[in-house]
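Residue numbers (the working numbering): 221 to 555. By construction, the Cβ of each residue, glycine as well, lies at the ideal position given by its N, Cα and C atoms.
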Ligand code: NCD
Ligand code: ZN
């Protein structure tokens, strides 16, 4: 069996910088494009930094036409600043992190109320806002608690393109259905695992990410929505590479590295559920429709020839352990 995808997109990707960028960028090159996260150290905050980072990504890619949809780390902005961002061809959206909520987000927003004048302007200008939606409450309740913030924003700014990033709960899907202006991304790991896989037995650091994987009923609801072709649910891997020594240690960094296996694993998952024809929408068409994107029309064919996931990706002095390291996946990319 085969599935041919046109212009698959990863709507939430961490490529990092320097040697890690050189190692990981080519591992996303089967995608036609991706939304690139700005949580570098220091974060990508200005159009100049954004353009320079886009160039470094181009250099790190092996020449494949790749639409990098660049994001700026959100802080309250003047209208002039927003217009300057919008005039930057590589710019796609602002990414808002509550301060300190995840990797490299210390400079994020401390008080949502401060964002409102900027969000009003972004709504008028048609600039999307991507949000890491977690509160600072009990770790398993953080996303659920943040839903009230999404609700307030959807009510106050009904035309703002607002993306609930990496949703992990059935409750987030309900909110998505309530407000047609909202969209959401979901990762590979949150379609596959629950908290039991992370910490129910021996601790598995390579499955540890923010937000944490949740309950079986949450995973089932996310999977049903993805397989069912929810029109405002997009694939966003949140592939977040960390050096091996920062994962296999006391004080494990949050982030699951999935980029090189994302498309084969999605193909396997959708085919196993008899939903192969829905994959195109999930990995490309839904996002293109919502945002009005026109990615390069590159085609990728997936086939049910097994793929052995390497135990480690290595290069440029970096080593990163992927999800499903050393395991066999039923599908692979046809070369
Ligand atoms: C991401 C990272 O490592 O940058 N980590 C994660 O656990 N998902 C940041 C993020 O998207 O939260
Ligand atoms: Zn992320």
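Within 8 Å, strictly: CB atoms of residue i and residue j
| i | j | result |
| --- | --- | --- |
| residue 343 | residue 366 | no |
| residue 404 | residue 391 | no |
| residue 475 | residue 323 | yes |
| residue 327 | residue 293 | yes |
| residue 370 | residue 329 | no |
| residue 498 | residue 456 | no |
| residue 333 | residue 325 | no |
| residue 228 | residue 520 | yes |
| residue 352 | residue 385 | yes |
| residue 447 | residue 490 | yes |
| residue 532 | residue 408 | no |
| residue 350 | residue 335 | no |
| residue 536 | residue 348 | no |
| residue 258 | residue 308 | no |
Enclosing alpha helix (DSSP H) for residue i [first to last residue]
| i | result |
| --- | --- |
| residue 485 | 482-492 |
| residue 370 | 362-376 |
| residue 413 | Here residue 413 belongs to no alpha helix (DSSP H), and DSSP marks it neither H nor E. |
| residue 269 | 267-280 |
| residue 472 | Neither: residue 472 is in no alpha helix (DSSP H) and is coded neither H nor E. |
| residue 453 | Segment 453-455 is the beta strand (DSSP E) holding residue 453; no alpha helix (DSSP H) there. |
| residue 383 | It is not in any alpha helix (DSSP H) - residue 383 instead sits in the beta strand (DSSP E) that spans 382-384. |
| residue 310 | Element bounds for residue 310: n/a, residue is neither H nor E. |
| residue 508 | 506-511 |
| residue 238 | 238-244 |
Contact test: residue i Cβ vs the ligand ZN heavy atom, cutoff 7 Å
| i | result |
| --- | --- |
| residue 426 | no |
| residue 460 | yes |
| residue 543 | no |
| residue 257 | yes |
| residue 410 | no |
| residue 234 | yes |
Contacts around residue i, its chain only, beta-carbon distance under 6 Å, and the 5 residues preceding and following it disregarded
| i | result |
| --- | --- |
| residue 527 | 484, 549, 552 |
| residue 299 | 341 |
Neighbourhood of residue i by C-beta distance below 7 Å, restricted to the same chain and skipping five residues each side
| i | result |
| --- | --- |
| residue 256 | 233, 235, 277, 288, 289, 290, 291 |
| residue 436 | 414 |
| residue 357 | 365 |
| residue 547 | 529 |
| residue 240 | 461, 538 |
| residue 425 | 467, 468, 472 |
Any non-hydrogen atom of the ligand NCD closer than 7 Å to residue i Cβ
| i | result |
| --- | --- |
| residue 508 | no |
| residue 291 | no |
| residue 475 | yes |
| residue 450 | no |
| residue 430 | yes |
| residue 405 | no |
| residue 352 | yes |
| residue 323 | yes |
Classification of residue i by the beta-carbon crowding that lies within 10 angstroms, buried from 16 upward
| i | result |
| --- | --- |
| residue 261 | exposed |
| residue 381 | buried |
| residue 479 | buried |
| residue 221 | exposed |
| residue 314 | buried |
| residue 375 | exposed |
| residue 273 | buried |
| residue 283 | exposed |
| residue 224 | exposed |
| residue 354 | buried |
Segment limits, beta strand (DSSP E) that includes residue i
| i | result |
| --- | --- |
| residue 536 | First-last for residue 536: undefined, no H or E at that position. |
| residue 288 | 287-293 |
| residue 218 | This structure does not reach residue 218, given that the chain is present from 221 up to 555, and the question cannot be answered. |
| residue 439 | Where residue 439 is concerned, there is no enclosing beta strand (DSSP E), although the alpha helix (DSSP H) it sits in stretches over 436-447. |
Cβ neighbours of residue i in the same chain (closer than 8 Å, five flanking residues each side left out)
| i | result |
| --- | --- |
| residue 525 | 551, 552, 554 |
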